[in-house]
Amino acid sequence: MSDLVWSVNPFGGAVIDPNSVPSLVSEFETGLMNAIQTWRTKDIKVAWLEIPKLAFKAIPRASEEGFLFHHATEEYAMMTLQVEENAFVPPYATHYIGIGGVVINRDNEILVVSERYRASGRGPGYKLPGGALQPGEHLAEAAVREVFEETGISTTFQALTFFRHWHGYRYGKSDIYFVARLSPLDNEITMQEEEIVECVEACNPDVIMHTNSTYPSPVNELNLNYIKHLKSRWPKTEIGYSGHEYGLVTTFAAVAMYLLFG
Numbered sequence: 476m477s478d479l480v481w482s483v484n485p486f487g488g489a490v491i492d493p494n495s496v497p498s499l500v501s502e503f504e505t506g507l508m509n510a511i512q513t514w515r516t517k518d519i520k521v522a523w524l525e526i527p528k529l530a531f532k533a534i535p536r537a538s539e540e541g542f543l544f545h546h547a548t549e550e551y552a553m554m555t556l557q558v559e560e561n562a563f564v565p566p567y568a569t570h571y572i573g574i575g576g577v578v579i580n581r582d583n584e585i586l587v588v589s590e591r592y593r594a595s596g597r598g599p600g601y602k603l604p605g606g607a608l609q610p611g612e613h614l615a616e617a618a619v620r621e622v623f624e625e626t627g628i629s630t631t632f633q634a635l636t637f638f639r640h641w642h643g644y645r646y647g648k649s650d651i652y653f654v655a656r657l658s659p660l661d662n663e664i665t666m667q668e669e670e671i672v673e674c675v676e677a678c679n680p681d682v683i684m685h686t687n688s689t690y691p692s693p694v695n696e697l698n699l700n701y702i703k704h705l706k707s708r709w710p711k712t713e714i715g716y717s718g719h720e721y722g723l724v725t726t727f728a729a730v731a732m733y734l735l736f737g
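Numbered continuously in the working numbering, the sequence shown closes out at residue 737.
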């Protein structure tokens with residue numbers, strides 16, 4: 476059987492059942508040509524073709540008929556065809572999401588880490604423990620998980636405190652990074668040696684102000700007075716400025732100082 480099984484979504488798109496995509500290119504070609512002829516008579520706007528891994532040899536044939544890559548995983552490649560000229564094809568995921576955890580103990584010490592792997596030319600420094608969210612993971616879950624993985628400290632989620640949004644991240648996508656306030660449940664540090672070279676509980680403001688997190692946060696007008704306050708307390712430390720195009724930002728240090736002393 477070489478016919479492709481498909482259904483129409485609410486937006487006038489033909490969605491092909493991946494289970495009906497044959498692994499033999501000759502069978503796929505017959506089914507695809509029949510389907511395209513039918514779509515053009517039924518006012519179909521866009522065709523969505525999910526090609527499973529076992530049928531990847533069919534990708535060149537689909538490309539010859541005008542299908543373009545939309546996205547791909549290890550298990551399938553999603554391709555689209557604008558059956559109707561200039562029909563809208565919604566883009567794939569546009570952002571990466573990450574989160575860092577501010578963990579402050581009873582002695583007003585904040586938990587920071589130094590990463591093992593850094594960008595070329597960038598010296599050692601400290602940052603909040605944190606990282607990227609996993610598929611299907613909530614922000615609070617990710618913050619608690621990342622802190623535990625990197626430092627061995629168990630925590631409970633309290634609140635989201637800051638976030639920043641910037642463009643031009645990995646593979647040209649944008650990035651949103653959140654900062655969460657967490658409460659520690661224990662104080663015994665167990666460092667994740669694969670990624671982290673040092674974990675520190677720092678309470679000295681001068682130590683905190685020399686951090687160099689790569690995750691600055693945009694400042695709104697309500698934050699500006701506090702930035703001035705920080706700069707007056709630590710006049711020799713650069714606070715509130717970044718090379719990013721969108722201008723004024725708070726560094727990790729400013730976020731930490733706000734949570735400790737704000």
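Ideal placement from N, C-alpha and C gives every residue a C-beta, glycine not left out.
Measure the C-alpha to C-alpha separation of I651 and W641 and round it to an integer number of angstroms. For this step, residue 651 is matched to residue 176 along the sequence shown. For this step, residue 641 is matched to residue 166 along the sequence shown. For I651 and W641, the distance between alpha carbons rounds to 7 Å.
Can you find the residues in the same chain that come closer than 7 Å, C-beta to C-beta, to P610, ignoring five residues on each side of it along the sequence? Here residue 610 refers to the residue found at position 135 when the sequence shown is read from its first residue. None.
Measuring only the C-alpha atoms, how far is P566 from V483? The residue given as residue 566 occupies position 91 in the sequence shown. The residue given as residue 483 occupies position 8 in the sequence shown. Cα-Cα distance, rounded: 19 Å.
Could you check if F531 is buried or exposed, using at least 16 other CB atoms within 10 Å of its CB as the buried criterion? Residue mapping note: residue 531 aligns to position 56 of the sequence shown, counting from 1. That one is exposed.
Between L499 and A533, what straight-line distance do the alpha-carbon atoms span, to the nearest angstrom? Your numbering for residue 499 matches position 24 in the sequence shown. Your numbering for residue 533 matches position 58 in the sequence shown. Spanning the two alpha carbons is a distance of roughly 8 Å.
Are the Cβ atoms of I526 and A510 separated by less than 8 Å? Within the sequence shown, numbered from 1, the residue matching residue 526 stands at position 51. Within the sequence shown, numbered from 1, the residue matching residue 510 stands at position 35. Going by C-beta atoms, I526 is not nearer than 8 Å to A510.
Does the CB of E624 have a neighbour CB from chain B at under 8 Å? Included in the structure is just one protein chain, with no chain B present.
Excluding sequence positions up to five away, which residues of its chain have a Cβ less than 6 Å from the Cβ of P493? Position 18 of the sequence shown, counted from the start, is the residue given in the question as residue 493. Excluding positions up to five away in sequence, the list reads E525 and P527.
Chain-order list of residues whose beta-carbon lies under 8 Å from that of L543 (same chain, five-residue window excluded): By one-based count along the sequence shown, residue 543 stands at place 68. Excluding positions up to five away in sequence, the list reads M554, T555 and L556.
Extent of the continuous beta strand (DSSP E) run through F653: In the sequence shown, counting from the first residue as 1, residue 653 sits at position 178. From DSSP, the beta strand (DSSP E) with F653 extends over S649 to P659.
Closest residue to A547 among A568, N561, E624 and E539 (Cα-Cα distance): Against the sequence shown, residue 547 aligns to sequence position 72. When each option's Cα is compared against that of A547, the closest is A568.
Proximity to P604 [Cα-Cα], best of A618, S649 and G643: For the purposes of this step, residue 604 is taken as the residue at position 129 of the sequence shown. Checked all of A618, S649 and G643; the closest Cα to P604 is A618.
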